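Each residue of the sequence shown is one higher than the last, beginning at 193 in the working numbering. Don't be surprised by glycine CBs; every beta carbon is placed ideally from N, CA and C. Predicted, not measured: the structure shown is a model, and the values here were computed from it. Okay, so here's the structure we're looking at.
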Amino acid sequence: MDLVAEIRQLVEQNLSEDKFLVDVVIAGKKTPKRVLVFIDGDSGVTIEDCADLSRILSKEFDERNYFGDENYLLEVSTPGLDHPLKLKRQYYKNAGRTLKVVTKDATLQGRLQVATDDKIVLVQEKGSGKKKEIREIEIPFSEIDKAFVLVSFK
Numbered sequence: 193m194d195l196v197a198e199i200r201q202l203v204e205q206n207l208s209e210d211k212f213l214v215d216v217v218i219a220g221k222k223t224p225k226r227v228l229v230f231i232d233g234d235s236g237v238t239i240e241d242c243a244d245l246s247r248i249l250s251k252e253f254d255e256r257n258y259f260g261d262e263n264y265l266l267e268v269s270t271p272g273l274d275h276p277l278k279l280k281r282q283y284y285k286n287a288g289r290t291l292k293v294v295t296k297d298a299t300l301q302g303r304l305q306v307a308t309d310d311k312i313v314l315v316q317e318k319g320s321g322k323k324k325e326i327r328e329i330e331i332p333f334s335e336i337d338k339a340f341v342l343v344s345f346k
């Protein structure tokens, strides 16, 4: 098993049921290597959740001698808005929020109405008043290249 897979397994063993692993990335050719662990939760993630997991992982990394005598930087955080949604569970969590979805054929934007096991439904509103047009767009997960949550400051 490679190191990223081992770290993924270690993270998953130490998360509560309402939290989930999004990604593990080991970055850097030189030392210190950066180990980035991105977690999320059905009801969000607190800084304490990240700190607790970071302490557990740091201890395990040292006990298992993952990096030998090399230094490493461990960062445990949520993916943030600049990271695309990767898991269906993230789509479920973000129902009601505005998404930018990039498919093979188009880039679409709309409110995520629902996510099922095989697709998402975006709602787009155009115009206002009597000329307001509401359109639902079904997008199978197989057609999604990337999707981002958009934040409005209105």
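Check, Outcome
"Could you give the first and the last residue of the continuous beta strand (DSSP E) run that contains Ala-197?", "Taken as a continuous stretch (DSSP letters only), Ala-197 belongs to no beta strand (DSSP E), being part of the alpha helix (DSSP H) at 195-205."
"Give the straight-line distance between the Cα atoms of Asp-232 and Ala-197, rounded to the nearest whole angstrom.", "18 Å"
"From Asp-210 to Arg-281, what distance separates their C-alpha atoms?", "11 Å"
"In this structure, does DSSP put Glu-262 in helix, strand or coil?", "coil"
"Have a look at Asp-309 and Arg-289 and give me their C-alpha separation to the nearest angstrom.", "18 Å"
"What residue does the alpha helix (DSSP H) around Glu-252 start on, and which one ends it?", "239-256"
"In angstroms, rounded to a whole number, what distance separates the CA positions of Ile-329 and Ala-307?", "12 Å"
"Restricting to Cα atoms, I'd like to know which of Thr-270, Glu-255, Glu-335, Arg-303 is closest to Asn-286.", "Arg-303"
"Could you check the C-alpha separation between Tyr-258 and Glu-335 for me, to the nearest Å?", "37 Å"
"Bridge partners of Arg-215, per DSSP?", "Before going on, a small fix: residue 215 reads as Asp here, not Arg. DSSP, once it has assigned bridges, lists Phe-230 as partnering Asp-215."
"Quick check on this structure: which residue in Val-294, Ser-344, Glu-317, Glu-325 has the alpha carbon closest to the alpha carbon of Ile-331?", "Val-294"
"Is Phe-212 near His-275, with beta carbons less than 8 Å apart?", "no"
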